[in-house]
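Remarks on the structure that follows.
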Amino acid sequence: MGRLDNKVAIITGSARGMGEAESHLFAKEGAVVYLTDVLEEEGTAVARRIREDGGEATFLAHDVTNENRWREVIDTVVEAHGRVDVLVNNAGLGLLKTAEDTRSDQWDRIMNVNAKGVFFGCKYIVPAMQKADGGSIVNISSMYGLVGAPASAAYQAAKG
């Protein structure tokens, strides 16, 4: 029996890195996992590997900066399972540039994915969780939200 038996989870940014590891762990602990990412080929492969290992996983293409897509992803999961128990806001981008070397379009992209994406996730999952009498939201941050570094201004601002 796993700690997450029969829980339904959405994990953003799950095509690689921490999101991939989180997805495998959630499935191993018994959760039904919905992996979301803009990297469709990689995300589909991760979901397939989880299923091959005996877990339950589905990949959904998802740009966390797209408000309408958030609603569609949540509606898809709720229609299939009646609820979402866990949202892990993991999607994020890094940029190794000082503030003076960062262009405004780069700043905006980092802020949109790392901050606005989390906002949209929380905004649209809360009503679904309220209808289901609860749930958990996990927002992944970074030590760079707490300490400074000279070459990651946009990332630090988004994670802080």
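Take the sequence shown: its letter number 117 is residue 131 in the numbering used here, and every next letter is one higher. All residues carry an ideal CB built from backbone N, CA and C; glycine is no exception. Source: prediction; values computed, not measured.
Item: Assigned exposure category for LYS21 - 16 Cβ within 10 Å defines buried; Value: buried
Item: The region 40 to 48 contacting the region 115 to 123, beta-carbon criterion three pairs below 8 angstroms; Value: no
Item: 3 or more residues per run - each beta strand (DSSP E) lying fully within the region 42 to 116; Value: 46 to 51, 70 to 75 and 100 to 103
Item: Cβ-Cβ separation, VAL127 to ASN153 (assumed contact under 8 angstroms), whole Å; Value: Not a contact, Cβ separation roughly 13 angstroms.
Item: Beta-carbon proximity of ALA37 to ALA71, cut-off 9 angstroms; Value: Correcting the residue type first, residue 37 is Ser in the shown sequence and not Ala. Yes, these two residues count as a Cβ contact at 9 angstroms.
Item: Helix, strand or coil at ILE139 according to DSSP, with G and I counted as helix; Value: helix
Item: Euclidean distance between Cα positions of VAL91 and GLU114; Value: 42 angstroms
Item: Same chain, Cβ closer than 6 angstroms to ARG76, neighbours up to 5 away in sequence not counted; Value: Note that residue 76 corresponds to His in the displayed sequence, not to Arg. THR50, ARG83 and VAL87.
Item: DSSP-derived helix/strand/coil call for ILE124; Value: helix
Item: For ALA167, the nearest candidate out of PRO141, GLY135 and ARG123 (CA to CA); Value: ARG123
Item: SER150 classed as buried or exposed, judged by whether at least 16 other C-beta atoms fall within 10 angstroms; Value: exposed
Item: Nearest candidate by alpha-carbon position, reference GLU34, set ASP19, LEU18 and ARG62; Value: ARG62
Item: Cut-off 6 angstroms between Cβ atoms - residues of its own chain near ARG17, not counting five sequence neighbours on either side; Value: GLU43
Item: Option in LEU53, ALA142 and HIS95 with minimal Cα separation from ALA45; Value: HIS95
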